[in-house]
Structure formats: C-alpha cells, structure tokens
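Engineer: I have a structure I would like to understand better, so I am pasting it below and will then ask my questions one at a time.
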C-alpha cells in the first residue's frame, strides 16, 4: 500500500476498524493487517461475489443511502427470480407464449408502465 494513503488505514485501525488485506503475496501491508487473505489467481471475483452476497443477505448495506442517493441499479424488485431459481429461465417467462414479461424485471421502488403500441409490430 502507498505509505501516505495507508496512514489513514492505520488511523482507522487505531479506532477499532478491522483491516483485511487481500493479496496472493504476503507483504508489509499483510503484516499490519488483522487478516491476510492469500487468494489464488482468478478467484478474486468469487470473493467479491461472496462479500456482496453477504452484505445483501445479512442486510448490512446502508439501504436508505443507496435508495435515495445512488441510481440503485442493483436493487431489483423482490419478486424477480434469476436463472438459478427457475431452471435456466428468467423471471416473467410464459411457457404458453414463449415470451417474457419484462415488467417482472423492474427495479425496487420504480413504477414501470406498459410500452405503447403493439409489441408484435416490430
């Protein structure tokens, strides 16, 4: 870590913050951290996904801030179901017509209207 920038990490640690250093190599930063996570090459995205999943599942995010001060693109409506939940199909699939209803893909807190016109006219 950069010595000038890392001073703020150490300042936060003095005030009770836990420092986790994620790097395949053990370095001086690792020695100063509370936990060193030596990832293998190519597994960093798995760790990131696990961290995001934990934050959302355990509701550790600052939801009020995310909803009011960001575009909240990751806040998908709670009734949305992904491919792992529906045997490879996305939410809103109608097996009779072979089409998807994109209204089931809306973001949380957003009201979606039906598009104007005939969808088969394209």
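Residue numbers (the numbering used here): 85 to 206. Using N, Cα and C, we set each Cβ at its ideal position, and we do this for glycine too. None of the values given here were measured: they were computed from a predicted structure.
Leaving out five residues before and five after residue 122 in sequence, what residues of the same chain have Cβ atoms less than 6 Å from its Cβ?
Structural biologist: As a working note, residue 122 is residue 38 in the chain shown. 108.
Engineer: How many Å lie between residue 161 and residue 115 at the Cα?
Structural biologist: Indexing the chain shown from 1 puts residue 161 at position 77. Indexing the chain shown from 1 puts residue 115 at position 31. Roughly 42 Å between the two C-alpha positions.
Engineer: Going by DSSP, what residue range makes up the beta strand (DSSP E) through residue 138?
Structural biologist: Within the chain shown, the letter at position 54 stands for residue 138. Not the beta strand (DSSP E): residue 138 falls in the alpha helix (DSSP H), residues 128-141.
Engineer: Of the residues 96, 85, 92 and 91, which one's Cα is nearest the Cα of residue 106?
Structural biologist: Locating residue 106 in the chain shown gives position 22, counting from the first residue. Ranking 96, 85, 92 and 91 by Cα distance to residue 106 puts 85 first.
Engineer: Is DSSP giving residue 152 helix, strand or coil here?
Structural biologist: On the chain shown, residue 152 is found 68 positions in, with the first residue counted as 1. Residue state, collapsed to three classes: helix.
Engineer: Between residue 185 and residue 178, which are expected to be in contact by the criterion C-beta below 8 Å, what is the C-beta distance as a whole number of angstroms?
Structural biologist: Reading the chain shown from its first residue, position 101 is the one you call residue 185. Reading the chain shown from its first residue, position 94 is the one you call residue 178. Right, their Cβ atoms sit about 7 Å apart.
Engineer: Just to confirm the assignment, what range does the alpha helix (DSSP H) spanning residue 113 have?
Structural biologist: Looking up residue 113 in the chain shown gives position 29. Looking at the DSSP string, the run of the alpha helix (DSSP H) that includes residue 113 is 112-116.
Engineer: Output yes or no for whether 8 Å exceeds the beta carbon distance between residue 188 and residue 164.
Structural biologist: Along the chain shown, one-based indexing puts residue 188 at 104. Along the chain shown, one-based indexing puts residue 164 at 80. Closer than 8 Å, so yes.
Engineer: For residue 97, which residues from the same chain have a beta carbon less than 7 Å from its beta carbon, with the 5 sequence-adjacent residues on both sides left out?
Structural biologist: Start at 1 with the first residue of the chain shown, and residue 97 comes out as number 13. Result list for residue 97: 103, in chain order.
Engineer: Helix or strand or just coil, what does DSSP make of residue 183?
Structural biologist: Here residue 183 corresponds to residue number 99 of the chain shown, with the count starting at 1. Three-state DSSP puts residue 183 in a strand.
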